[in-house]
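Here the sequence shown is numbered in our numbering, starting from 42 and rising by one per residue.
We treat Cβ as the ideally placed atom computed from N, Cα and C, and that holds for glycine.
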Amino acid sequence: MGSPADRKMQQRESFHADDPAEGPLTTDQGVEVDHTDDSLAAGERGPTLMEDFHFREKLTHFDHERIPERVVHARGAGAYGYFEPYESCAEFTRAAFLQDPSVRTPVFVRFSTVQGPKGSADTVRDVRGFATKFYTSEGNYDLVGNNMPVFFIQDGIKFPDFVHAVKPEPHNDIPTGASAHDSLWDFVSLQPETMHMMMWLMSDRAIPRSYRMMQGFGVHTFRFVNAEGRGTFVKFHWKPKLGVHSLVWDEAQECQGRNPDFNRADLWDAIEAGEYPEWELGVQLVPEEDEFAFDFDLLDPTKIIPEEQVPVRPIGRMVLNRNPENFFAETEQVAFHTANVVPGIDFTNDPLLQARNFSYLDTQLIRLGGPNFAQIPVNRPIAPVRTNQRDGYHQSAIHRGTNYFPNSLGGGCPAHAGTDGSAYTHYAERVDGAKIRKRSESFKDHYSQAAMFFHSMTDWEKQHIVDAFRFELGKVDAMTVRSRTVEQLAKVDGELAAEVARGIGVPEPGAQGSAHKYESPALSIASLPGDGSIRTRTVAVLVTDGVDAGQVTSVREALAAEGAVVEALAPADGTVTGADGAQYTVDRALPTVASVLYDAVLVPGGPDGTPPVAEDPDALRFVRSAYLHGKPVGALGSGVGVLSALEPDGLRLSTDSVVADRGVVTDVSPGAADAEFVRAFVAAIAAHRHWDRPPARR
Ligand code: HDE
42 MGSPADRKMQ QRESFHADDP AEGPLTTDQG VEVDHTDDSL AAGERGPTLM EDFHFREKLT
102 HFDHERIPER VVHARGAGAY GYFEPYESCA EFTRAAFLQD PSVRTPVFVR FSTVQGPKGS
162 ADTVRDVRGF ATKFYTSEGN YDLVGNNMPV FFIQDGIKFP DFVHAVKPEP HNDIPTGASA
222 HDSLWDFVSL QPETMHMMMW LMSDRAIPRS YRMMQGFGVH TFRFVNAEGR GTFVKFHWKP
282 KLGVHSLVWD EAQECQGRNP DFNRADLWDA IEAGEYPEWE LGVQLVPEED EFAFDFDLLD
342 PTKIIPEEQV PVRPIGRMVL NRNPENFFAE TEQVAFHTAN VVPGIDFTND PLLQARNFSY
402 LDTQLIRLGG PNFAQIPVNR PIAPVRTNQR DGYHQSAIHR GTNYFPNSLG GGCPAHAGTD
462 GSAYTHYAER VDGAKIRKRS ESFKDHYSQA AMFFHSMTDW EKQHIVDAFR FELGKVDAMT
522 VRSRTVEQLA KVDGELAAEV ARGIGVPEPG AQGSAHKYES PALSIASLPG DGSIRTRTVA
582 VLVTDGVDAG QVTSVREALA AEGAVVEALA PADGTVTGAD GAQYTVDRAL PTVASVLYDA
642 VLVPGGPDGT PPVAEDPDAL RFVRSAYLHG KPVGALGSGV GVLSALEPDG LRLSTDSVVA
702 DRGVVTDVSP GAADAEFVRA FVAAIAAHRH WDRPPARR
């Protein structure tokens with residue numbers, strides 16, 4: 042039967058539609074169709090006839106093509122891949138897929154935004170979903186996480202309220218894909234448990250450069266259970282090999298128009314190019330006896346366990362190496378559920394998790410139209426399925442034999458699993474309590490970790506957070522909501538609140554205290570640079586007639602050797618004539634792209650001393666925008682002259698040979714770019730952004 046991945050592939054093959062290349066067009070009934078461009082009519086200009094069964098079938102099917110989009114996380118992108126553990130985790134869990142480094146478990150991952158509808162833009166300020174389905178030998182395990190380790194609310198009963206508040210306003214359905222509106226901030230200002238998550242949402246984590254460059258978190262405290270039945274609390278972390286990198290807000294907004302599919306296309310293109318994204322799975326483990334060792338409650342999903350207190354232990358890696366073949370069949374129909382667990386992984390009493398365990402199954406029933414969605418190829422386990430569940434909409438299995446238990450007529454099958462440890466057994470947690478509707482006192486500190494997050498940031502991250510609060514609250518019409526939010530912020534940190542207040546026209550709060558008790562440097566993006574490579578970073582080279590093609594070719598080859606994606610942009614598509622008289626192919630015409638779609642820009646020179654792109658307004662705008670967004674800018678020979686347009690933005694140009702200053706790398710000497718220039722430019726690209734430049738909003 043082969044490996045689990047082979048089995049998943051074989052399973053997929055058996056679900057493919059008949060090959061369209063093997064015969065002509067047919068109806069759903071398999072009747073061949075010779076003409077699908079005109080409907081059957083009574084005469085050339087006559088009415089359409091009811092008996093046109095092909096027309097009716099075609100239109101009817103089309104009318105029913107849509108299913109309800111997800112109520113949250115509607116917009117997404119998915120990919121297949123595999124997970125492999127580094128070593129056996131048997132000491133903590135008996136989950137089969139975490140035992141043997143030689144076993145690869147197939148996975149499907151879906152990334153998503155939360156607020157916007159299915160057709161909204163990618164680069165909005167939002168949380169990103171990071172949901173992984175492991176097709177393990179013991180059944181499917183779903184780790185349905187986000188790219189932020191905490192959540193807005195502590196109890197799932199508040200979820201409809203929160204989602205109503207963050208979704209577009211009910212009267213006009215505005216704004217799409219944005220949290221910057223009255224109802225969200227009204228809710229936030231009245232619900233202080235949101236404070237920690239709002240710090241994350243206002244941070245650069247909410248505008249990832251790429252799905253491939255963000256962390257993932259299980260958020261809740263889960264429980265590992267080993268073969269002896271011993272439980273260990275566990276928090277899950279995904280860490281991207283490429284590091285954590287973000288856009289800047291001004292850029293993210295422009296990108297929404299320039300390429301609404303920016304993150305989805307990035308994932309797709311990388312996988313098509315064989316640049317398979319990779320994450321390391323890490324766990325924070327807390328022995329049961331240490332449940333109360335923290336100054337917060339492990340069951341509270343608005344809290345993290347700082348990595349400095351409990352280190353993240355790497356236990357395996359995940360690689361995504363295959364794009365889906367059909368978006369609807371796979372990415373749209375995949376059905377995640379927090380209660381899809383396997384032996385060795387269990388829940389805790391986190392009230393948010395408990396609510397999710399109800400909600401995900403419930404939502405699939407309406408979204409996928411009935412109880413048989415587990416039969417859809419992307420949802421099918423590789424483990425055998427034997428149940429007495431029968432019938433229902435879209436039943437596609439032909440069950441044989443009895444459908445009840447106990448039975449004798451079916452030989453007692455399917456029989457109960459034995460006691461050899463292969464069956465799921467719930468962790469025998471002792472619970473005792475009066476039925477009460479009350480939030481635990483241990484959940485009531487809403488400010489300390491919000492302050493911890495803010496104080497763990499670098500100066501530029503702090504500035505981005507202040508700017509984001511000002512932007513969001515500046516879009517709120519109700520001044521009372523603005524003020525009330527600032528009052529909440531004052532309980533996190535007085536100086537932060539005052540900074541925000543100064544930008545949004547409300548009085549600075551009187552109290553200037555701070556809930557700041559400790560910091561967690563691991564929370565800063567600056568602490569997550571990844572492997573330091575520039576693989577898959579996109580670099581635009583601005584060319585036009587007269588360009589020094591030698592420079593372009595040498596830099597292009599050097600960057601490509603490092604794994605960067607280099608594109609030559611010119612005022613028009615086609616070719617440009619280099620200074621040597623040869624024709625060079627243009628990859629894209631400047632008017633069709635923008636600097637927000639690239640990670641870095643290079644301006645080569647021309648041999649006669651005239652900067653070849655100096656006259657082109659699109660090129661100048663391109664370079665300036667890249668510079669203001671903190672991106673690496675390289676210029677060679679007479680191309681350096683183009684950068685003089687940036688001097689009013691604070692750039693200091695040098696006439697020395699190779700100079701690297703805050704991500705601007707120049708070499709005025711004519712001729713091909715030398716190794717020193719390339720090294721400096723590569724280092725500037727690897728750093729991703731250069732925050733010591735003037736802020737992007739200017
Ligand atoms: Fe979800 N969430 N959620 N959520 N969630 C859904 O399930 C829900 C929460 C997350 O790519 C829905 O199939 C409740 C936390 C992701 O298909 C729905 C509560 C976290 C995805 C639902 C939460 C998440 C969803 C909508 C509070 C991070 C996309 C469609 C108790 C740990 C999965 C669907 C995909 C999707 C309910 C809170 C992550 C309605 C009730 C916390 C990544 O069932």
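Going by DSSP, name the residue or residues bridged to residue i.
{"i": "residue 264", "result": "274, 387"}
{"i": "residue 397", "result": "In DSSP, residue 397 forms no bridge with anything."}
{"i": "residue 124", "result": "146, 359"}
{"i": "residue 321", "result": "280, 358"}
{"i": "residue 213", "result": "Residue 213 is not bridged to any residue."}
From residue i to residue j, what distance separates their C-alpha atoms?
{"i": "residue 595", "j": "residue 708", "result": "14 angstroms"}
{"i": "residue 459", "j": "residue 431", "result": "24 angstroms"}
{"i": "residue 30", "j": "residue 681", "result": "Any property of residue 30 remains undetermined from this structure, which presents the chain solely from 42 to 739."}
{"i": "residue 598", "j": "residue 726", "result": "15 angstroms"}
{"i": "residue 730", "j": "residue 672", "result": "5 angstroms"}
{"i": "residue 238", "j": "residue 600", "result": "38 angstroms"}
{"i": "residue 381", "j": "residue 139", "result": "16 angstroms"}
{"i": "residue 309", "j": "residue 119", "result": "9 angstroms"}
{"i": "residue 289", "j": "residue 634", "result": "18 angstroms"}
{"i": "residue 683", "j": "residue 99", "result": "57 angstroms"}
{"i": "residue 733", "j": "residue 505", "result": "13 angstroms"}
{"i": "residue 462", "j": "residue 148", "result": "24 angstroms"}
{"i": "residue 259", "j": "residue 179", "result": "20 angstroms"}
{"i": "residue 228", "j": "residue 471", "result": "36 angstroms"}
{"i": "residue 391", "j": "residue 467", "result": "16 angstroms"}
Taking 6 angstroms as the line, does the beta carbon of residue i fall inside it for any heavy atom of the ligand HDE?
{"i": "residue 197", "result": "yes"}
{"i": "residue 187", "result": "yes"}
{"i": "residue 192", "result": "yes"}
{"i": "residue 235", "result": "no"}
{"i": "residue 157", "result": "no"}
{"i": "residue 497", "result": "no"}
{"i": "residue 113", "result": "yes"}
{"i": "residue 400", "result": "yes"}
{"i": "residue 165", "result": "no"}
{"i": "residue 393", "result": "yes"}
{"i": "residue 411", "result": "no"}
{"i": "residue 675", "result": "no"}
{"i": "residue 335", "result": "no"}
{"i": "residue 153", "result": "yes"}
{"i": "residue 369", "result": "no"}
{"i": "residue 510", "result": "no"}
{"i": "residue 389", "result": "no"}
Under 6 angstroms Cβ to Cβ from residue i, same chain only, skipping five residues before and after it: list those, please.
{"i": "residue 226", "result": "517, 522, 526"}
{"i": "residue 592", "result": "645, 677, 713, 714"}
{"i": "residue 413", "result": "433, 435, 436"}
{"i": "residue 738", "result": "Confidence at residue 738 is low in this model, with a pLDDT of 44, below 50, so its placement is unreliable and the value that follows should be read with caution. Here the set comprises 291."}
{"i": "residue 539", "result": "549"}
{"i": "residue 295", "result": "637"}
Could you tell me if residue i is buried or exposed, where buried requires 16 or more neighbouring beta carbons within 10 angstroms of its beta carbon?
{"i": "residue 558", "result": "exposed"}
{"i": "residue 198", "result": "exposed"}
{"i": "residue 236", "result": "buried"}
{"i": "residue 422", "result": "buried"}
{"i": "residue 74", "result": "exposed"}
{"i": "residue 465", "result": "exposed"}
{"i": "residue 70", "result": "exposed"}
{"i": "residue 208", "result": "buried"}
{"i": "residue 440", "result": "exposed"}
{"i": "residue 244", "result": "buried"}
{"i": "residue 565", "result": "buried"}
Using a Cβ-Cβ cutoff of less than 7 angstroms, which residues in the same chain neighbour residue i once the five nearest sequence positions on both sides are dropped?
{"i": "residue 255", "result": "169, 188, 249, 281, 285"}
{"i": "residue 624", "result": "616, 618"}
{"i": "residue 386", "result": "134, 136, 182, 263, 265"}
Near residue i, which residues of its chain fall below 8 angstroms by C-beta distance, leaving aside the five closest residues on each side in sequence?
{"i": "residue 128", "result": "142, 356"}
{"i": "residue 452", "result": "none"}
{"i": "residue 332", "result": "274, 339"}
Should residue i be listed as close to the ligand NAD, given that the test is whether its C-beta is under 6 angstroms from any heavy atom?
{"i": "residue 453", "result": "Absence of the ligand NAD from the depicted structure is noted, with the ligand HDE being the only ligands included."}
Does residue i get closer than 7 angstroms to chain D when you measure Cβ to Cβ?
{"i": "residue 423", "result": "Going by chain labels, chain D is absent from the structure shown, which holds only one protein chain."}
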